[in-house]
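Heads up, the thing below is written out as structure tokens.
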Amino acid sequence: MERPLRLAIAGLGTVGTGVIKMIQNNGALIEARTGRKVTISAVSARSRDKDRGVNLAKYAWEDDPVALAKREDVDVFVELMGGSDGPAKAATEAAIAAGKDVVTANKALLALHGQELAEAAEDKNLVLRFEAAVAGGIPIIKSLTEGLAGNQITRVMGVMNGTCNYILTRMENAGLTYEEAFAEADGLGYLEADPQLDVGGIDAGHKLALLSSIAFGTKVDFDGMRLEGIGAVTIEDIKRAADLGFKIKLLGVARMTGRGLEQRMSPCLVPASSPLGQLEGGTNMVVVEGDHVGQIVLRGAGAGEGPTASAVLSDICDIARGIRVATFGQPAKTLKAAPPASAASAACYYIRMTLTDKPGALAKIATVLGDNGISIDRMRQYDHPDEAAPVLIVTHKAAQPALQEALAALPQTGVLMSPPVALRIEDV
Ligand code: NAP
Ligand code: HSE
Numbered sequence: 308m309e310r311p312l313r314l315a316i317a318g319l320g321t322v323g324t325g326v327i328k329m330i331q332n333n334g335a336l337i338e339a340r341t342g343r344k345v346t347i348s349a350v351s352a353r354s355r356d357k358d359r360g361v362n363l364a365k366y367a368w369e370d371d372p373v374a375l376a377k378r379e380d381v382d383v384f385v386e387l388m389g390g391s392d393g394p395a396k397a398a399t400e401a402a403i404a405a406g407k408d409v410v411t412a413n414k415a416l417l418a419l420h421g422q423e424l425a426e427a428a429e430d431k432n433l434v435l436r437f438e439a440a441v442a443g444g445i446p447i448i449k450s451l452t453e454g455l456a457g458n459q460i461t462r463v464m465g466v467m468n469g470t471c472n473y474i475l476t477r478m479e480n481a482g483l484t485y486e487e488a489f490a491e492a493d494g495l496g497y498l499e500a501d502p503q504l505d506v507g508g509i510d511a512g513h514k515l516a517l518l519s520s521i522a523f524g525t526k527v528d529f530d531g532m533r534l535e536g537i538g539a540v541t542i543e544d545i546k547r548a549a550d551l552g553f554k555i556k557l558l559g560v561a562r563m564t565g566r567g568l569e570q571r572m573s574p575c576l577v578p579a580s581s582p583l584g585q586l587e588g589g590t591n592m593v594v595v596e597g598d599h600v601g602q603i604v605l606r607g608a609g610a611g612e613g614p615t616a617s618a619v620l621s622d623i624c625d626i627a628r629g630i631r632v633a634t635f636g637q638p639a640k641t642l643k644a645a646p647p648a649s650a651a652s653a654a655c656y657y658i659r660m661t662l663t664d665k666p667g668a669l670a671k672i673a674t675v676l677g678d679n680g681i682s683i684d685r686m687r688q689y690d691h692p693d694e695a696a697p698v699l700i701v702t703h704k705a706a707q708p709a710l711q712e713a714l715a716a717l718p719q720t721g722v723l724m725s726p727p728v729a730l731r732i733e734d735v
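Numbering-wise (my numbering), the sequence shown opens with residue 308 and increments by one.
Here's what the structure looks like:
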């Protein structure tokens, strides 16, 4: 039997304590499966005195995560502190410099510094793994890097922020306003310390940027992503979309096009009957399409102690077994820089407007759309007690620049009572 695989765990919050509990509870099973005992040498967090609900008595303590990362009695540094810079980055760099493999759940760190960290690790024949960083307990990194390795990936998409999906689901099912649903998510402890990471689409964008890199063999390019959060989604749009047979989701989509790498994280309409449309609450879903495999749908808990620890253990077990896959599925130095696509691929759009109910108002709207080459597929005008007529238009496939031109021109018709709302309808 090989000598134990010795871990250092930096961060004893939700995920860190979850990992310790799993190792304490399932140690024998992990050893039987990997052929190697997994032990914890030392741990670190900010406060040594906090009761964390796990027995830490057998582990050495380090106040400084960088010192923890360099310890002689450690093979794998497990970074579970969070943050794109600061101690997480410093300790990860120190671990690699000291010749340790690294496992992290930190999407922000990898979305911003993944390329340099992966190159540094691979230069030393070390691995840097991050299953837990994307979609919590869903084994999407392993699926992409291993299970689907023989496929040309054509599209990766999904709902990767449970908090946003929870808020949107509560708005739809309970009729809450965005503010009410946000407050509820806050009360349940779902929001990140900086809630803008969730509702601004940044957290989900970090995750999509990592998946894109693996799927298309490109350098992680978070800056090249088109990001839009859910803050502007109204209960009215959710109801109107439902009326047309759609749900609104914060959807991430990545695909390689002739115009460059398209990466979008934005509220989109998806058919209510599709797997993505049926995804409720804080659950995540990732959909991958490959040239030979077709479409794969993975669904599961995107956050929380157990699911996230489960993903961290997947990486640890791989290292214990001697499985050493490159961070982004191929050597980091072979990843290509892909220019971001200048515009999203053509799509149907949902356009909601409030018009003054006067003769010729609709004709003016139709003219602007027609002048920009946008064809109307469906249109609906709802009952209204006064002059403000709610109108919905679903377009045929339209180029994004044409839609932008049309949206800019619509207010000049003089028949709009408020700015138009346009949402992409994603072909899923
Ligand atoms: P958390 O509950 O806030 O825990 C963070 C831990 O890091 C705490 O134990 C904290 O110490 C420690 N820490 C923070 N700064 C430190 C420093 N300078 N030195 C030493 N320790 C420090 O966070 P979490 O939810 O477990 O998340 C950890 C990582 O997993 C993050 O990257 C997060 O994005 C990722 N992740 C989390 C989830 C989830 O469901 N929670 C899901 C997927 C990925 P104290 O306890 O003493 O304050
Ligand atoms: N804030 C994230 C979410 C946690 O809501 O999905 C998991 O990354």
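From the three backbone atoms N, C-alpha and C, an ideal C-beta is built for every residue, glycine too. Keep in mind the model is a prediction, meaning the values are calculated, not measured.
- Residue burial is scored here from C-beta neighbours: Q422 has at least 16 other C-beta atoms within 10 angstroms and is therefore classed as buried.
- Judged by DSSP secondary structure, M329 falls within the alpha helix (DSSP H) whose first and last residues are 321-341.
- Taking non-hydrogen atoms of ligand 2 into account, the C-beta of G469 is found less than 7 Å away from one of them.
- Approximately 7 Å separates the beta-carbon atoms of V441 and M467; this is inside 8 Å, confirming the contact.
- Taking a 10 Å sphere around the C-beta of Y689, we find fewer than 16 other C-beta atoms and assign the residue as exposed.
- Beta-bridge partners of K554 (DSSP): V577.
- Contact check for V350 against S450 fails: the beta carbons are separated by 8 Å or more.
- For the alpha helix (DSSP H) assignment, the uninterrupted runs of no fewer than 4 residues enclosed by the stretch 336-392 are, from N- to C-terminal side, 372-376.
- Looking only at V326, A315, H703, the smallest Cα-Cα distance to D370 is reached by A315.
- Looking at the DSSP output, D408 shares a beta bridge with V383.
- Distances taken from the Cβ of A610 to the heavy atoms of ligand 2 include one shorter than 7 Å.
- In this structure, the C-beta of E386 stays at least 7 Å away from each heavy atom of ligand 2.
- With a cutoff of 8 Å on beta-carbon distance, V701 and D684 are scored as near each other.
- A Cβ-Cβ separation of about 6 Å places G508 in contact with E535 under the 8 Å criterion.
- The three-state reading of DSSP puts Q602 in strand, counting E and B together.
- For G538, same chain residues with a beta-carbon under 8 Å away, outside a window of 5 residues either side, are Y485, V506, G507 in chain order.
- Within the stretch 470-552, the alpha helix (DSSP H) runs of at least 4 residues that lie entirely inside it are, in chain order, 485-494, 503-506, 509-523, 542-550.
- Take the alpha-carbon of N679 and the one of L419: they are about 38 Å apart.
- A contact is defined here as three or more CB-CB pairs under 8 Å, and the stretch 601-621 fails this definition with respect to the stretch 521-529.
- The three-state reading of DSSP puts R628 in helix, counting H, G and I together.
- Taking non-hydrogen atoms of ligand 1 into account, the C-beta of G318 is found less than 7 Å away from one of them.
- Residue ranges of uninterrupted alpha helix (DSSP H) with 4 or more members, entirely inside the stretch 605-664 and ordered along the chain, are 612-628.
- The bridge partners DSSP lists for Q570 are A561.
- Straight across, the Cα-Cα distance linking Y657 with D544 is about 10 Å.
- Membership of P697 in the beta strand (DSSP E) is indicated by the continuous run 695-702.
- Sequence-distant partners of Y473 (beyond 5 residues in either direction) whose C-beta falls short of 7 Å from its own C-beta, in its chain, are A492, Y497, G588, G589.
- Looking from the CA of G390, the closest CA among A415, A404, V409, K407 belongs to A415.
- The stretch 723-730 and the stretch 657-675 touch, with no fewer than 3 CB-CB distances between them shorter than 8 Å.
- In this structure, the beta-carbon distance from S621 to T564 does not fall below 8 Å.
- When distances are taken from the beta-carbon of Y485 to the heavy atoms of ligand 2, even the shortest one reaches 7 Å or more.
- Using a cutoff of 7 Å, the CB of E587 does not count as near ligand 2, since none of the ligand's heavy atoms is closer than that.
- Excluding the 5 residues flanking it on each side, A376 has same chain C-beta neighbours closer than 6 Å at F384, A398, A401, A402, in chain order.
- Distances from the CB of G443 to the heavy atoms of ligand 1 include at least one below 7 Å.
- Look at L455 here: in three-state DSSP terms it is coil, with no helix or strand label.
- One alpha carbon belongs to V361, the other to I327, and they sit about 7 Å apart.
- When only Cα atoms are considered, P708 and M464 end up about 22 Å apart.
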